[in-house]
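Notes for the one structure printed next.
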Amino acid sequence: MKTGLIFDLDNTIYPVNSIADNLFAELFGLLDRHAAVINAGHSETVNRIKEEMTRRPFQYIADKYELNDAIRQDMEEALQSMTYDLPMQPFEEYHRLKDIPIEKFLVTTGYPKLQYSKIRQLDIEDDFKEIFIVDPDTGSQTKKDVFAAIIEKYGYRTEELLVIGDDPASEIKAALELRIDTFLFDPNNIYPDADATHRSNKLTGVLMLLS
Ligand SMILES: [Mg+2]
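For the sequence shown, my numbering begins at 166 and goes up steadily by one.
If you want it as structure tokens, here you go:
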């Protein structure tokens with residue numbers, strides 16, 4: 166029986182594409198300014214980076230595409246000071262999950278100022294017993310470390326927890342490594358072969374597991 170749910174934020178509780186145009190306009194402008202350098206290896210690299218930025222924290226992408234220090238610094242300065250202050254809405258289905266009478270935790274990776282501003286705009290802070298923001302800029306703590314810390318702090322057994330997220334390479338992988346059950350929310354079926362305990366293109370699939 167599950168007595169604790171651990172949620173990811175981006176693309177799990179709300180769709181990043183709903184805020185992407187406003188959120189990324191400034192950052193994409195910065196990338197475009199560096200396009201000649203970034204695209205030197207492959208002409209589509211800037212476009213790939215833009216697409217991945219809607220799904221993954223920039224730090225991982227910067228490493229993956231081996232961006233140079235000048236570009237990283239420009240982007241990171243912009244990201245560190247950024248907030249999102251326009252209205253935001255969770256996925257419609259999230260409203261059914263937040264009412265489940267089971268303790269919930271939010272574990273998200275990214276720049277703290279920006280992540281907190283999104284939590285505020287979504288008005289979801291009170292849905293969670295504790296919120297953790299993993300900032301890859303300021304330490305080596307990972308989502309796996311945070312999951313382990315939740316187990317330790319609240320005395321859970323791994324089988325009592327369920328991690329709900331959209332990224333097989335992030336929270337799903339971290340949870341599986343700790344033998345925590347996972348629910349991969351994959352609304353567009355982009356990860357048909359990914360490892361996950363449960364998967365669905367509907368967030369409300371979680372309700373079935375808990376009943
Ligand atoms: Mg996510």
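Idealized CB from N, CA, C, for every residue including glycine.
Range of the contiguous alpha helix (DSSP H) that encloses ASP197:
Looking at the DSSP string, the run of the alpha helix (DSSP H) that includes ASP197 is 185 to 198.
For the putative contact between GLU258 and THR369, defined by C-beta atoms under 8 Å, what is the C-beta separation to the nearest angstrom?
Contact flag correct, Cβ pair sits at about 5 Å.
Counting along the chain, where does the alpha helix (DSSP H) carrying VAL328 start and finish?
Not the alpha helix (DSSP H): VAL328 falls in the beta strand (DSSP E), residues 326 to 330.
Per DSSP, what are the beta-bridge partners of SER365 in this structure?
For SER365, the pairing in a beta bridge is given by DSSP as PHE350.
If you follow the beta strand (DSSP E) that LEU271 is in, where does it begin and where does it stop?
From DSSP, the beta strand (DSSP E) with LEU271 extends over 268 to 274.
Please specify which runs of the beta strand (DSSP E), each continuous and at least 3 residues long, are wholly inside the segment 290 to 329, giving them in chain order.
List check, beta strand (DSSP E) in window: 295 to 299.
Given this structure, state the Cα-to-Cα distance separating LYS278 from LEU192, to the nearest angstrom.
LYS278 and LEU192: Cα-Cα distance of roughly 16 Å.
Taking the CB atoms as reference points, tell me whether GLY330 and PHE312 lie closer together than 9 Å.
No, they are not a contact pair.
Close beta carbons around VAL272, own chain, < 6 Å, minus the five adjacent residues each side
Contacts found: ILE171, PHE297, LYS308 and VAL311.
Is the segment 191 to 207 close to the segment 283 to 301, with three or more CB pairs under 8 Å?
Between the segment 191 to 207 and the segment 283 to 301, the count of Cβ pairs shorter than 8 Å is below three; the stretches do not touch.
Is ASP170 near ligand 1 - that is, is its Cβ less than 8 Å away from at least one heavy atom of it?
Here residue 170 turns out to be Leu, not Asp, going by the sequence shown. Look at LEU170: its beta carbon is at least 8 Å from all of the heavy atoms in ligand 1.
Measure how close the beta-carbons of SER335 and THR274 come, nearest whole angstrom, since I'm counting them as under 8 Å.
With 8 Å as the limit, SER335 and THR274 qualify as a contact, their Cβ atoms being about 7 Å apart.
Under 8 Å from any heavy atom of ligand 1, does the C-beta of ASP331 make it?
A heavy atom of ligand 1 is found nearer than 8 Å to the CB of ASP331.
Could you tell me the distance, in whole angstroms, from the CA atom of TYR319 to the CA atom of GLU268?
Computed Cα separation, rounded: 11 Å.
Pop quiz: GLY169 and GLU325 are said to be a contact at Cβ under 8 Å. What is the actual Cβ separation, rounded to whole angstroms?
About 6 Å; that satisfies the 8 Å criterion.
When DSSP labels each residue in this structure, what does LEU174 get in the three-state scheme?
Residue state for LEU174 is assigned as coil, using DSSP reduced to three classes.
Helix, strand or coil for TYR356 per DSSP?
Three-state DSSP puts TYR356 in coil, outside helix and strand.
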